[in-house]
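Chemist: I'd like to ask you about the structure that follows.
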Amino acid sequence: MSENKEALVEKVREFEERTGHTVDSYPGDPNNTASILGERRRLSEPLNEADAERQMFVRSRRSFLTAGAAAVAGILGWSWLSSETKAHLYRRAFEFNERVSRIFFRPEHLAKEFPPESISAIRTNGMEGLEAEVDLAAWRLAVGGLAGRTDDLLLTLDDIKKLPRIEMITEMKCIEGWSIIAHWAGARFSDFVAAYPPQAPPFLSGQNVNDRQELPPYVSIATPDEKYFVGWDTPSIMHPQTLLAYEMNGEPLKPENGAPLRVASPTKYGIKLIKRIGRIEFTNERPRDFWAEYGYDWYSGH
Amino acid sequence: MQKRLDKKHPLAIRWLHWINFPFISLMIWSGLLIYWANPVYGIRIFGYELFKFFPQSFYDLLGIRFRLAEGMQIHFFFMWLFAVNGLVYVVYLIVSGEWRAILPVPGSLKRALNVALYDVRIVKKAPPRGKYNDAQRIAYMSVILMGAGSVLTGIAIYKPLQLSWLTALFGGYEWARWLHFWLTICFVLFFLVHIVQVALAGWRNFNSMITGVEIVDVSSKSPRPGVTTEEAPS
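Chains V and Z, in that order, give the protein sequences. Under the numbering used here, the first residue of the first sequence carries the number 79, and numbering increases by one thereafter. Under the numbering used here, the first residue of the second sequence carries the number 26, and numbering increases by one thereafter.
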């Protein structure tokens with residue numbers, strides 16, 4: 079370092095003090111890329127070595143203590159939370175995410191439909207509620223929460239097949255992270271609702287007449303043995319691509335794929351696409367959900 | 026010998042940088058817990074698998090198996106903190122003008138190559154630099170874009186129906202997941218190089234990311250890396 083350069087540092091500083099503005103860059107300096115975008119320089123007063131080291135030590139001590147305190151507070155604070163509190167926090171986060179998702183939910187947003195050659199091999203997962211043999215002849219679909227009755231309505235598969243038949247080739251996404259493309263045939267859940275209208279939720283006093291809901295906010299669906307059960311929010315289940323499906327890839331459902339009737343929909347993860355439906359209930363209470371009780375997202379919506 | 030205490034990293038940059046560390050660590054960790062449930066990626070050449078992400082021993086060592094629900098809980102909680110912290114960081118870069126130090130400029134690629142050659146002692150003279158050298162400019166800008174990419178591919182996997190246009194932008198659900206995974210691998214690689222480079226750069230440099238100031242020998246060739254005083258107005 080020449081005396082010359084040291085003097086230049088001083089000159090810059092003097093210039094800055096005298097004119098009151100900082101020298102932002104050094105246009106045209108080939109050895110300094112700071113000049114290209116005009117990076118700001120932050121030169122400070124030269125100090126003798128002892129002063130500089132002492133000031134640096136004081137600064138370092140202060141900063142490291144602050145940083146250390148922040149790190150320790152973060153780690154201790156987090157480990158101080160009980161696992162119940164964390165579980166609660168995570169559930170609240172899922173519920174918050176659900177509220178955000180539902181703001182953006184539009185029934186007219188449709189999932190992509192694929193050409194027949196995209197159909198992938200069937201991948202069977204989840205046998206909860208399917209352990210017993212299914213007697214297709216004796217099977218009935220029980221429907222609870224319908225308008226004008228307190229007991230369950232019992233329907234046959236033919237009753238469902240009388241509803242308009244819808245076919246779709248859509249992507250089924252497992253919560254594990256894989257996906258398959260399958261060809262489904264069945265009735266739209268919304269057509270089912272139109273044919274068998276549920277009891278409207280009670281009109282609360284003080285409620286705005288425009289906020290009156292025609293449909294209960296939730297649907298609960300369970301296997302005949304009630305060992306598997308899912309809860310759906312009404313907007314997702316009324317989505318035009320949510321089907322009560324009775325055929326998969328051109329054939330009636332096989333027992334392991336949910337015979338005789340299952341939910342097929344690209345609106346939620348596979349855990350919500352319950353197989354071998356035994357009972358459907360329209361309800362004003364948020365229904366229990368098999369996997370939500372193991373800590374998964376109740377909404378699980380796409 | 027005289028020394029100066031030059032301001033190097035603004036307070037906001039330091040806090041945002043360090044806060045990001047636990048958040049991205051938790052995102053990667055919970056991502057692993059999720060990925061385990063469908064671990065399909067690997068490095069394959071002509072159908073031969075060179076490396077599988079990940080070997081069974083890796084999962085056993087870290088105790089990753091059968092923790093999908095926990096992984097999703099952590100991932101979908103900390104995603105907000107990670108994204109908000111990253112957004113504040115980007116806004117701060119823009120507003121404060123700090124972007125000038127990390128935006129690659131014409132010639133950056135060439136000079137970055139020279140930085141690499143200089144680092145491995147093939148080239149004797151360090152290429153010109155500003156606050157950061159051009160390899161750093163490219164690396165730091167890339168890591169910001171990677172963060173944005175992780176958030177966007179993540180959203181594309183999370184809401185593939187309601188935001189199907191975004192999922193389609195990444196080539197569909199499967200490709201979005203693939204990208205999300207590889208961006209994470211890139212983050213880990215960045216992190217490893219970053220740690221090595223910080224270790225090589227020495228204590229003063231590391232200390233400046235904590236304190237904000239770097240102690241500089243006035244007698245050194247350059248008063249602060251890259252900022253020479255040759256063209257100072259006289």
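We put the CB at the ideal spot given by N, CA and C, even for glycine. Just so we're clear, the structure is a prediction, and the values are computed from it rather than from any experiment.
1) Do the region 235-245 of chain Z and the region 128-137 of chain V touch if we need at least three Cβ pairs shorter than 8 Å?
2) Only counting the same chain, and skipping five residues up and downstream in sequence, which positions put a Cβ closer than 6 Å to that of V:I259?
3) Any C-beta of chain V within less than 8 Å: which residues of the region 66-96 of chain Z qualify?
4) Helix, strand or coil: which one does DSSP assign to V:V101?
5) Spell out a yes or no on whether the region 307-315 of chain V and the region 359-370 of chain V are touching, meaning 3 or more CB-CB pairs, one atom from each, closer than 8 Å.
6) With burial defined as no fewer than 16 other Cβ atoms inside 10 Å of the residue's Cβ, what is the status of Z:M26: buried or exposed?
7) Check the Cβ of V:K114 against every Cβ in chain Z and list those closer than 7 Å, keeping chain order.
8) Roughly how many angstroms lie between the CA atoms of Z:Y84 and V:Y372, to the nearest whole one?
9) Mind checking V:N286: buried by the 16 CB within 10 Å criterion, or exposed?
10) Check distances from the C-beta atoms of the region 124-143 of chain V to those of chain Z and list, in chain order, the residues that come in under 9 Å.
11) Should Z:V243 be flagged as near chain V, meaning a C-beta pair shorter than 7 Å?
12) In chain order, what residues of the same chain have a beta carbon less than 8 Å from the beta carbon of V:W256, not counting five sequence neighbours either side?
13) Can you name the start and end residues of the alpha helix (DSSP H) that Z:L58 belongs to?
14) Using three-state DSSP, classify V:W310 as helix, strand or coil.
15) Consider the Cβ of V:S122: report whether some Cβ of chain Z lies at a distance smaller than 7 Å.
16) Does any C-beta atom of chain Z lie closer than 7 Å to the C-beta of V:T254?
17) Consider the Cβ of V:E186: report whether some Cβ of chain Z lies at a distance smaller than 7 Å.
18) What span of residues does the alpha helix (DSSP H) with Z:H205 cover, start to end?
19) Excluding the 5 residues flanking V:H99 on each side, which residues of the same chain have their C-beta closer than 6 Å to its C-beta?
20) Specify the secondary structure class of V:K332 as computed by DSSP and reduced to three states.
21) Leaving out the 5 sequence neighbours to the left and right, which residues in its chain are closer than 8 Å to Z:F103 when beta-carbon positions are compared?
22) Suppose contacts are defined by Cβ-Cβ distances below 7 Å. Is V:W262 in contact with V:L339 by that definition?
23) Should V:L289 go down as buried or exposed, given a rule of 16 or more other Cβ atoms within 10 Å for buried?
24) Taking 6 Å as the cut-off, is the beta-carbon of V:S113 closer than that to any non-hydrogen atom of the ligand COA?
Modeler: In terms of the structure at hand:
1) They touch, by the three-pair rule.
2) Walking along the first sequence from the start, residue 259 of chain V turns up at place 181. So the list reads F192, S196, I197, S198 and E249, once near-sequence residues are dropped.
3) Within the region 66-96 of chain Z, the residues whose Cβ lies closer than 8 Å to any Cβ of chain V are, in chain order, L93, A94 and E95.
4) Start at 1 with the first residue of the first sequence, and residue 101 of chain V comes out as number 23. Model confidence at V:V101 stands at a pLDDT of 47, short of 50, so the residue's coordinates are unreliable and nothing is read from them.
5) The region 307-315 of chain V is in contact with the region 359-370 of chain V.
6) Against the second sequence, residue 26 of chain Z aligns to sequence position 1. Exposed: under 16 other Cβ atoms inside 10 Å.
7) For the purposes of this step, residue 114 of chain V is taken as the residue at position 36 of the first sequence. Here residue 114 of chain V is Ile; the residue named in the question, Lys, does not match the sequence. Correct list: V130.
8) To locate residue 84 of chain Z, count along the second sequence from 1; it is residue 59. To locate residue 372 of chain V, count along the first sequence from 1; it is residue 294. Rounded to whole angstroms, Z:Y84 and V:Y372 show a C-alpha spacing of 21 Å.
9) As a working note, residue 286 of chain V is residue 208 in the first sequence. Looking at its Cβ environment, which holds fewer than 16 other Cβ atoms inside 10 Å, V:N286 is exposed.
10) Of all residues in the region 124-143 of chain V, P124, L125, N126, E127, D129, A130, E131, Q133, M134, R137, S138, R140, S141 and F142 have a Cβ within less than 9 Å of some Cβ in chain Z.
11) Counting from one through the second sequence, the residue named residue 243 of chain Z turns up at place 218. Yes, because at least one Cβ of chain V sits closer than 7 Å to the Cβ of Z:V243.
12) What you label residue 256 of chain V is simply residue 178 of the first sequence in a count that begins at 1. Counting only Cβ-Cβ distances below 8 Å, and skipping sequence neighbours, we find R201.
13) Looking up residue 58 of chain Z in the second sequence gives position 33. That run of the alpha helix (DSSP H) goes L36 to Y60.
14) Within the first sequence, numbered from 1, the residue matching residue 310 of chain V stands at position 232. Three-state result, V:W310: strand.
15) Position 44 of the first sequence, counted from the start, is the residue given in the question as residue 122 of chain V. Chain Z contact via Cβ: present.
16) One-based indexing of the first sequence puts residue 254 of chain V at position 176. For clarity, residue 254 of chain V is Glu in the given sequence; the question names Thr instead. Yes, because at least one Cβ of chain Z sits closer than 7 Å to the Cβ of V:E254.
17) Sequence index remark: in the first sequence, residue 186 of chain V carries index 108 (1-based). For V:E186, the answer is no, since every Cβ of chain Z falls outside 7 Å of its Cβ.
18) Sequence index remark: in the second sequence, residue 205 of chain Z carries index 180 (1-based). Y198 to A226 is the extent of the alpha helix (DSSP H) around Z:H205.
19) Looking up residue 99 of chain V in the first sequence gives position 21. Low confidence applies here, because V:H99 scores a pLDDT of 45, under 50, leaving its location unreliable; read the following figure in that light. Listed in chain order, the non-local C-beta contacts of V:H99 below 6 Å within the same chain number zero, local neighbours out to five positions each way being set aside.
20) Here residue 332 of chain V corresponds to residue number 254 of the first sequence, with the count starting at 1. If DSSP states are grouped into helix, strand and coil, V:K332 belongs with coil.
21) Here the question's residue 103 of chain Z lines up with position 78 in the second sequence. Leaving aside the five residues that flank Z:F103 on each side, the residues in its chain whose CB is nearer than 8 Å to its CB run, in chain order, F48, L51, M52 and S55.
22) By 1-based counting over the first sequence, the position of residue 262 of chain V is 184. By 1-based counting over the first sequence, the position of residue 339 of chain V is 261. If you check the CB distance, V:W262 and V:L339 do not come in under 7 Å.
23) For the purposes of this step, residue 289 of chain V is identified with residue 211 of the first sequence, where counting begins at 1. Residue identity check: residue 289 of chain V is Asp in the sequence provided, not Leu. Classification of V:D289: exposed, given that the 10 Å Cβ count is below 16.
24) This structure simply doesn't include the ligand COA, nor any ligand for that matter.
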